[in-house]
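Chains as they are written, first to last, in full-length UniProt numbering: chain A, 1 to 259; chain B, 1 to 368.
Below: one structure, written as structure tokens.
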Ligand SMILES: Nc1ncnc2c1ncn2[C@@H]1O[C@H](COP(=O)(O)OP(=O)(O)O)[C@@H](O)[C@H]1O
Ligand SMILES: [Mg+2]
């Protein structure tokens with residue numbers, strides 16, 4: 001097995017007296033898609049935020065390419081090649097699509113005092129990346145606030161894909177997407193993975209996870225319930241694990257296969 | 001590349017009209033306001049308001065306010081306020097006067113020292129806001145009083161009991177750096193224009209306006225640089241992002257804290273620049289210098305299209321906002337209107353601007 005790009009060992013995170021994570025171990029290797037599943041409030045978002053430099057873990061160790069590392073800001077994580085689509089998307093409605101796309105990582109031209117934001121190049125890249133995701137923007141200077149929820153989510157994904165050199169983290173990226181956009185995102189994950197990027201994919205939807213995942217880790221109340229490889233587990237078993245075991249079994253009969 | 005994009009455009013997307021594009025500019029309101037005020041005074045004011053002397057007469061206070069307003073607008077776009085700008089003018093004015101008169105430093109030392117000192121005070125302001133997470137409104141309100149009080153106390157210490165420190169003109173008059181921060185620029189050009197009868201002259205043949213007051217040059221230069229930084233540099237993008245949503249910006253890798261603290265330092269430096277210019281001009285400094293300028297600067301920024309909630313606005317808008325302000329203050333003296341209408345006028349403009357900006361914001365964000 002190849003070395004993991006990033007390895008998170010026994011991560012704990014407390015917010016005051018709230019224990020959001022209680023010892024989570026997780027890793028992702030190059031060219032794999034590792035799905036993180038779990039119910040609402042399980043700690044998935046908190047966990048990936050420790051991975052992308054937003055939160056400092058209360059305890060635990062982060063190994064990046066085998067070396068211990070501590071990100072002191074999201075910028076550090078980004079510079080290491082980790083890009084994240086946050087659940088809240090981290091988009092600014094008043095700013096244009098291009099300005100959002102390159103926020104914090106603006107391409108420049110010129111040197112010294114003449115160094116400036118290369119807006120033309122940024123606009124072109126942004127339009128192109130959005131087109132790859134199946135969205136034709138009206139104009140790159142359109143404010144993000146005027147986009148639909150799905151379009152906004154797509155901009156966030158396109159941005160992370162563009163900047164995710166080593167690790168791409170997606171926190172429930174398909175929640176606001178229609179059928180066509182969802183399949184676009186899933187095939188984008190497959191494409192990025194084929195390029196050797198490690199993908200961390202958080203989803204509620206077991207079918208989406210099964211479609212692209214290589215490994216599956218289920219999180220419950222801040223702890224991992226275990227990790228399984230593709231083929232070792234069925235979607236029904238995953239579904240059960242996510243709900244914490246028993247409850248879903250009784251629901252199953254009445255709901256049939258609606259979930 | 002752009003061709004292929006155009007071919008692929010969606011059939012549901014209509015071409016954007018020129019009007020719609022215009023509506024997206026944050027400074028639109030300020031330009032419209034300027035035209036309105038201009039028309040108003042063209043009708044009501046004495047013709048002399050729009051002679052060269054008259055224009056310089058309202059542009060000088062506009063420039064002094066505008067320098068503050070540009071700093072305030074950048075800070076406001078970055079999502080913060082500084083209510084201590086006015087007091088900062090007094091405080092850095094005191095520092096500057098003490099450096100030149102009491103300590104006898106040459107301008108080449110005193111001026112950079114004044115900027116460094118003011119920037120440090122701005123950094124303290126900013127650091128408290130950032131560290132505490134308190135609204136900048138309340139933190140800088142505290143500094144409004146602290147700095148004003150320190151200016152009074154400091155003046156008394158420096159002068160042995162007086163609230164005015166005199167003698168600045170005498171010590172800086174001969175300094176080679178003085179023309180950059182005081183007096184008029186292009187006096188040669190103005191004299192030449194006067195000789196050729198192109199501008200008004202006194203009976204003696206000397207031009208009525210000897211030159212362009214330096215603060216107008218500083219004001220224009222600052223507006224241009226600030227606009228360039230905002231629209232064409234990564235730092236500008238960070239300012240918009242920090243004010244638009246600090247959390248989203250930080251998660252996207254924008255160094256939000258550094259951006260905001262730098263902006264506090266910048267506004268303090270703008271206050272220092274105004275202090276240096278006006279103290280050299282007056283030849284003295286007193287504790288009332290810059291009184292209530294913080295409100296005027298914020299009003300000019302809002303008239304210029306800045307949103308009070310941050311993330312939107314422009315420096316060129318603040319430029320126009322300050323000119324509107326100067327025109328209204330000075331312009332009323334050229335009319336038969338009672339000057340005390342000034343505050344009514346100003347409040348009305350502010351209210352209009354806020355309503356207008358709010359409508360624009362809803363349009364931009366697609367909110368209904
Ligand atoms: N900043 C925070 N402060 C306090 N509690 C938090 C914070 N962030 C998350 N939590 C708590 O941590 C738990 C896990 O949240 P989260 O990671 O968002 O779950 P998930 O993404 O799996 O739905 C929740 O109980 C939530 O209330
Ligand atoms: Mg979540």
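We put the CB at the ideal spot given by N, CA and C, even for glycine.
Residue j beta carbon less than 8 Å from that of residue i
i	j	result
residue 300/B	residue 264/B	no
residue 30/B	residue 317/B	yes
residue 398/B	residue 94/A	Since the first residue of chain B shown is 1 and the last is 368, residue 398/B is not available in this structure.
residue 319/B	residue 70/B	yes
residue 130/B	residue 257/B	yes
residue 52/A	residue 68/A	no
residue 249/B	residue 93/B	no
residue 30/A	residue 198/A	yes
residue 140/A	residue 126/A	yes
residue 8/A	residue 62/A	yes
residue 200/B	residue 208/B	yes
residue 82/A	residue 169/A	yes
residue 165/B	residue 315/B	no
residue 136/B	residue 80/B	yes
residue 12/A	residue 46/A	no
residue 271/B	residue 85/B	yes
residue 155/B	residue 163/B	yes
residue 400/B	residue 45/B	Residue numbering for chain B in the displayed model covers 1 to 368; residue 400/B lies beyond these limits and cannot be assessed.
residue 127/B	residue 110/B	no
residue 336/B	residue 321/B	no
residue 105/B	residue 297/B	no
Start-to-end residues for the beta strand (DSSP E) that takes in residue i
i	result
residue 12/A	4-15
residue 229/A	223-229
residue 168/A	167-171
residue 203/A	198-203
residue 215/A	215-220
residue 357/B	No beta strand (DSSP E) contains residue 357/B, which is instead part of the alpha helix (DSSP H) from 342-365.
residue 24/A	18-29
residue 83/A	82-85
residue 133/B	Element bounds for residue 133/B: n/a, residue is neither H nor E.
residue 36/A	33-38
Endpoints, the alpha helix (DSSP H) within which residue i is located
i	result
residue 92/A	Note, residue 92/A: premise wrong, no alpha helix (DSSP H); not H, not E.
residue 306/B	First-last for residue 306/B: undefined, no H or E at that position.
residue 65/A	Where residue 65/A is concerned, there is no enclosing alpha helix (DSSP H), given that its DSSP letter is neither H nor E.
residue 264/B	256-282
residue 242/B	234-244
residue 239/A	235-242
residue 124/A	119-132
residue 46/A	44-51
residue 34/B	28-44
residue 162/A	149-163
residue 76/A	74-79
residue 87/B	85-97
residue 266/A	Shown here, chain A extends from 1 to 259; a query on residue 266/A therefore has no answer.
residue 172/B	168-172
residue 188/A	179-194
residue 384/B	Coverage of chain B is limited to positions 1 through 368, which leaves residue 384/B absent and any answer about it impossible.
residue 100/A	97-101
Exercise for review: Name, going along the chain, the residues of the segment 102-116 of chain A whose beta-carbon falls closer than 8 Å to a beta-carbon of chain B.
Suggested key: 102, 103, 104, 105, 106, 108, 115, 116
Point to revise | Residues from the segment 282-316 of chain B in contact with chain A, defined by Cβ distance under 7 Å | key: 311, 312
Exercise for review: Using the beta-carbon of each residue, find all residues closer than 6 Å to any heavy atom of ligand 1 and list them in chain order.
Suggested key: Residues flagged by the Cβ proximity filter: 15/A, 18/A, 20/A, 38/A, 40/A, 41/A, 42/A, 43/A, 44/A, 45/A, 46/A.
Point to revise | Interfacial residues, the segment 107-134 of chain B to chain A, with Cβ spacing under 7 Å | key: Residues passing the 7 Å Cβ filter: none.
Exercise for review: Spell out a yes or no on whether the segment 173-180 of chain B and the segment 189-200 of chain B are touching, meaning 3 or more CB-CB pairs, one atom from each, closer than 8 Å.
Suggested key: Taking a cut-off of 8 Å for Cβ pairs, the segment 173-180 of chain B and the segment 189-200 of chain B do not touch, as fewer than three such pairs fall below it.
**Study point:** the segment 245-265 of chain B contacting the segment 87-105 of chain B, beta-carbon criterion three pairs below 8 Å
**Key:** Contact fails: fewer than three Cβ-Cβ distances are below 8 Å.
Exercise for review: Could you say if the segment 112-127 of chain A and the segment 179-187 of chain A meet the contact criterion of at least three C-beta pairs nearer than 8 Å?
Suggested key: no
Point to revise | the segment 117-135 of chain B contacting the segment 181-190 of chain B, beta-carbon criterion three pairs below 8 Å | key: no
Check your understanding: Using Cβ-Cβ distances below 9 Å, what residues of the segment 231-244 of chain B are close to chain A?
Key -> 231, 232, 233, 234, 235, 236, 237, 238, 240, 241, 243, 244
**Study point:** Any 3 or more C-beta pairs closer than 8 Å across the segment 74-92 of chain A and the segment 153-173 of chain A
**Key:** yes
**Study point:** Residues in the segment 247-265 of chain B having any Cβ partner in chain A nearer than 8 Å
**Key:** 247, 248, 249, 250, 251, 252, 253, 254, 255
Point to revise | At least 3 beta-carbon pairs within less than 8 Å: the segment 216-226 of chain A vs the segment 26-46 of chain A | key: yes
**Study point:** Selection of the segment 19-39 of chain A by Cβ proximity to chain B, strictly under 7 Å
**Key:** Under the 7 Å Cβ criterion, the segment 19-39 of chain A contributes no residue.
Review point. Do the segment 201-212 of chain A and the segment 31-44 of chain A make contact, defined as three or more Cβ pairs closer than 8 Å?
Key: yes
Review point. Taking one C-beta from the segment 228-238 of chain B and one from the segment 40-57 of chain B each time, how about it: are there three or more such pairs within less than 8 Å?
Key: With the rule of 3 Cβ pairs closer than 8 Å, the segment 228-238 of chain B does not count as touching the segment 40-57 of chain B.
**Study point:** Against chain B: residues of the segment 54-69 of chain A by CB proximity under 8 Å
**Key:** 54
**Study point:** Interfacial residues, the segment 78-101 of chain A to chain B, with Cβ spacing under 9 Å
**Key:** 78, 79, 84, 86, 88, 89, 90, 91, 92, 93, 94, 95, 99, 100
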